[in-house]
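Single-structure report; data block below.
Residue numbers (our numbering), protein chains in the order written: chain A, 957 to 1317; chain B, 162 to 404.
Structure representation (structure tokens):
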């Protein structure tokens, strides 16, 4: 177990990167605390897997250093780093039994055979693999295979961290939930550092204590699932997390209010003051569930047209037109849905201001 | 009558000799070409210009007509003017495949290995390239040695293509005709008279069509039986494997 530090890491797959666009990872400076459960969340191609491979040593970063407990491991190969990695597709040694699969990393390191047997049985017990130990690994179901891949990581007593690269992609939906829970149990039982790469926000939010959101080779926000939802620090986090994503409206500042198409929307004083010092493009952001929808004109209400109502069972999603802009609102199932015309208000504590895609204040 | 022809064929001692010769030849071919082909595939480059260069180089022997192969090797190994034959004779080794059965066999084996190992190598290379990168990454993390990677990842993953390579090489070498016929004509003596060459002698040379027909049928059944046995054996090696 170890604390993992990434110092000023940047990586390009090109030999001679010219501009920032040539970098798969732009500048990452981040510490992974011992025993933490982290999720790395982001769309395909944002650099998640690159980051993971740099931590495990499959890839040497173009710039920067990787430290394990203060020890520089940047130039060490993965087998010397005490790291385990579980891949998108289960990786098994098909011709071996489950037992031999689990024993493989230990035997490669010359561990004594009685110790091998003890460790394998212990791990098989944790992962419910004991009944399969004598079977050939090849004939098992996808979830059992993925558990064996994980087991090969757990079996080593010296493992500093386990890295997961979208490990549930090939698992049936009803087993995903089960496997995720088992992962959580393993984490609580063994107190290992887990870093879990995914592009599925539900998976990230249920698994991790800390979610790291990546976008175009950069970390845009690190926080608990709740922080990511309540105060997205970047526009991308706003619409990537939450379903549907955050609404954004271009605006200008006018005193303590944002002006959208001539409608005044009040902001809190601090945000407005911070916004006035910014020069970039300003946008007002609000989560669909915080948008208040009224059927009658109200004080400060912005008139909108109701374009579409989607009933999701336990709530309704309204698509609203504010002149040339589109807004989405999430209403409780029992809330009356206005037809054609409606008025929306933006609660002061929920409306956020963004300058050049980044949160103001 | 039919039954007698079979009897005649089965008791023909020259046919027995040809059969054992054939087994020896196919056995040597498989023993040399399979490991060598896999070895070449492992050494072939994985990216860059070397990939196409090595693929084209390997494919060349496979593109030459079989009788031309025999002719090339006749000239290549001639003691007076052949590049190989003259060179080795000048080194003081009296090498002549038309005079010595052993030299005829050596020449034949060299020719056969040169001609067909590329097929095994190309098939094995295709099998290697189909292994996902994650297997190698996982093996590195598990601390596997190069031998362990070969034994537990590459070899099992190549099983399918190697089965095909083995079957093709067994059948082709067991049915070989054109190359030895052109190179040695079955000699010296009968030392390189394989089943197909002997069959043609009976059928076309002596015009004994009855025994030749019986012989052909037996020949076919032997190839079929062995192909089936090889196929079954290789299917069972890694039973339950699905990817």
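A virtual CB, placed ideally from N, CA and C, is assigned to each residue, including glycine.
With distances taken between CA atoms, residue 1245/A lies nearest to 1286/A out of 1253/A, 1286/A, 1169/A, 1033/A.
Contact of residue 291/B with chain A by beta-carbon distance below 7 Å is absent, the smallest such distance being about 13 Å. Taking 8 Å as the cut-off, the Cβ atoms of residue 376/B and residue 170/B count as close.
The Cβ atoms of residue 1115/A and residue 1038/A sit closer than 8 Å to each other. One thing to note: residue 1241/A has its Cβ no nearer than 8 Å to the Cβ of residue 1196/A. Residue 283/B sits close to residue 219/B, with the two beta carbons spaced by under 8 Å.
Look at the region 186 to 210 of chain B: it has no residue with a C-beta under 8 Å from a C-beta of chain A. According to the DSSP assignment, residue 1181/A belongs to the alpha helix (DSSP H) that extends over 1181 to 1186. Residue environment for residue 1041/A: buried (at least 16 other C-beta atoms within 10 angstroms of its C-beta).
Nearest Cα to residue 1290/A within the set 1308/A, 1271/A, 1305/A, 965/A: 1271/A. By the CB criterion at 8 Å, residue 300/B and residue 310/B fall inside the cutoff. Using a Cβ-Cβ cut-off of 8 Å, residue 175/B does not count as an interface residue toward chain A, since no Cβ of chain A sits closer than that to its own. Rounded to the nearest angstrom, the gap between the Cα atoms of residue 1044/A and residue 1145/A is 24 Å. Neighbours of residue 1041/A across chain B, judged by C-beta separation under 8 Å: 298, 299, 302.
Separation of residue 1162/A and residue 1064/A (C-alpha to C-alpha, rounded to the nearest whole angstrom) is 35 Å. One alpha carbon belongs to residue 976/A, the other to residue 1217/A, and they sit about 36 Å apart.
Nearest Cα to residue 1296/A within the set 1276/A, 1108/A, 992/A: 1276/A.
Inter-segment contact for the region 266 to 282 of chain B and the region 220 to 236 of chain B is present: three or more beta-carbon pairs are separated by less than 8 Å. Residues of chain B whose Cβ lies closer than 9 Å to the Cβ of residue 1146/A do not exist, since the nearest Cβ in that chain is about 18 Å away.
Among the residues of the region 1040 to 1066 of chain A, those with a Cβ less than 8 Å away from any Cβ of chain B are 1040, 1041, 1043, 1044, 1045, 1047, 1049, 1050, 1051, 1052, 1060, 1061, 1064, 1065, in the order of the chain.
Taking the Cβ atoms as the reference, residue 1152/A lies roughly 19 Å from residue 1192/A, outside the contact range of under 8 Å.
Rounded to the nearest angstrom, the gap between the Cα atoms of residue 1234/A and residue 1311/A is 7 Å.
Comparing alpha-carbon positions, the option among 239/B, 381/B, 396/B lying closest to residue 180/B turns out to be 381/B.
Residue nearest to residue 1281/A within the set 1219/A, 1266/A, 1223/A is 1219/A (criterion: CA-CA distance).
A Cβ-Cβ distance of about 7 Å is found for the pair residue 344/B and residue 272/B, placing them in contact under the 8 Å criterion. For residue 313/B, the nearest beta carbon of chain A is closer than 8 Å to its own beta carbon. Residues of chain B with a Cβ closer than 7 Å to the Cβ of residue 1108/A are, in chain order, 303. Residue 1018/A sits in coil when the DSSP states are folded into three classes, being neither helix nor strand. The C-alpha of residue 1288/A lies about 12 Å from the C-alpha of residue 1247/A. Judged by DSSP in its simplified three-state form, residue 963/A adopts strand.
Counting the other Cβ atoms within 10 Å of the Cβ of residue 1268/A gives fewer than 16, which makes it exposed. Spanning the alpha carbons of residue 255/B and residue 266/B requires a straight line of approximately 15 Å. Residues are counted here when their Cβ sits less than 7 Å from a Cβ of chain B; for the region 1008 to 1025 of chain A these are 1012, 1014, given in chain order. Shown here for residue 990/A: same chain residues with a beta carbon closer than 7 Å to its own, the five before and five after excluded, namely 957, 958, 959, 1149 in chain order.
For residue 1192/A, there is no enclosing beta strand (DSSP E); the enclosing alpha helix (DSSP H) covers residues 1191 to 1196. Taking the beta carbon of residue 1035/A as reference, the chain B residues within 7 Å of it are 301, 302, 304, listed in sequence order.
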